[in-house]
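Scroll down for the structure; my scribbles are underneath it.
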Amino acid sequence: MNSGTFISFEGIDGAGKSTHIARVADVFRQAGRAVVSTREPGGTPLSEKLREMVLHEPMDPLTEALLMFAARREHLVQVIEPALARGDVVLCDRFTDATFAYQGGGRGFDWQVLAHLERMVQGLPSGGVRQPDLTVWFDLDPQIAAERLASARVPDKFESQPVDFFAAVRAAYARRQSEMPRRFARIDAAQSMAAVGQDVARVVDQWLAGVRP
Ligand code: TYD
880 MNSGTFISFE GIDGAGKSTH IARVADVFRQ AGRAVVSTRE PGGTPLSEKL
930 REMVLHEPMD PLTEALLMFA ARREHLVQVI EPALARGDVV LCDRFTDATF
980 AYQGGGRGFD WQVLAHLERM VQGLPSGGVR QPDLTVWFDL DPQIAAERLA
1030 SARVPDKFES QPVDFFAAVR AAYARRQSEM PRRFARIDAA QSMAAVGQDV
1080 ARVVDQWLAG VRP
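Each residue of the sequence shown is one higher than the one before, starting from 880 at the first, in my numbering.
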């Protein structure tokens, strides 16, 4: 059963998702909904341990992809599916589109193999594959993202990748959008923080009102 609402937030590093996710959580809470705000890789004690490894240790691309899906499986079983069954709103900072974007686009890992893993890990008893109901994609030119990140924090393994890597990540997000256009809402993340916030609020409002991207 799925009476909840599952929204994921995606984009290259430096696109500035975090503040906006917190605001969306507030809007739902004010409307009386229970909100589970979570992230990938991570979201359970085991998945957070896997996050530490995958974000900081060099490894083979297949190992990296498998660890992302291993962390996701735990997260789905322990947190996301129970929350959706309760009717909660699940706000997830990244989900499977990030694996297609980073491991598929960025690392060049085989798209079909990722699609196979996706079906295994996110398969539902009803036969479908769990996907977010809505994905808010913060789309940004990788050069602008790099400038934003340079002034921010100590980079992790992915954040320290060159601009070309993020151009490939961005292209893979666009490919995912073209494969599943009805759940993807693209936001122009080059705008001011306030304008991006307005766009995010509008996209979520429209989606709740039944308007699909
Ligand atoms: P991010 O979500 O940006 O968190 P923070 O803001 O704390 O840095 O970091 C997660 C990183 O993991 C990001 O660089 C993207 C990467 N990632 C993948 O490569 N594959 C995945 O499947 C997921 C979920 C994330």
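Glycine included, each C-beta is placed from N, C-alpha and C at the ideal position.
Between the Cα of residue i and the Cα atoms of the options, which residue gives the shortest distance?
i	options	result
P993	D892, L1003 and M947	Here residue 993 is Leu; the residue named in the question, Pro, does not match the sequence. The option with the nearest alpha carbon to L993 is M947.
Q909	E919, V968 and R952	V968
L1003	A1088, A964 and T917	A964
I1023	D892, F888, S882 and R1062	D892
I1066	F885, E889 and R1055	E889
R1062	R1091, G984, R902 and S1039	R1091
How is residue i classed by DSSP in three states: helix, strand or coil?
i	result
S1003	The sequence as given places Leu at residue 1003; Ser does not occur at that position. L1003 falls in the coil class under three-state DSSP.
V1008	strand
L918	For clarity, residue 918 is Arg in the given sequence; the question names Leu instead. In the structure shown, R918 sits in a strand (DSSP, three-state: E or B).
Q923	The residue asked about is misnamed: residue 923 is Thr in this sequence, not Gln. T923 falls in the coil class under three-state DSSP.
D1078	helix
F974	coil
F1044	helix
K1036	coil
M932	helix
M947	helix
M1072	helix
Any idea which residues DSSP pairs residue i with across the strands?
i	result
L1016	Per the sequence shown, residue 1016 should be read as Trp rather than Leu. Its beta-bridge partners are E889 and R1065.
T884	V968
Leaving out the 5 sequence neighbours to the left and right, which residues in its chain are closer than 7 Å to residue i when beta-carbon positions are compared?
i	result
Q982	P940, E943, A944, M947, F988 and L993
A904	V914, S916 and L970
Between residue i and the rest of its own chain, which residues show a CB-CB distance below 8 Å, the 5 nearest in sequence each way excluded?
i	result
P937	K1036
Spatial neighbours of residue i within its chain, please: C-beta separation below 6 Å, excluding the five flanking residues on both sides.
i	result
L925	E953
G922	H954 and V958
E1058	none
Using a Cβ cut-off of 7 Å (strictly closer), state whether residue i contacts chain B.
i	result
R1062	No chain B is present in this structure, which holds just one protein chain.
Stretch pair the stretch 1014-1033 + the stretch 887-899: three plus CB contacts closer than 8 Å: yes
At least 3 beta-carbon pairs within less than 8 Å: the stretch 998-1012 vs the stretch 954-970: yes
The stretch 1077-1085 / the stretch 1020-1039 touching (three or more Cβ pairs under 8 Å): no
Touching by the beta-carbon criterion (3+ pairs, under 8 Å), the stretch 949-964 and the stretch 928-936: yes
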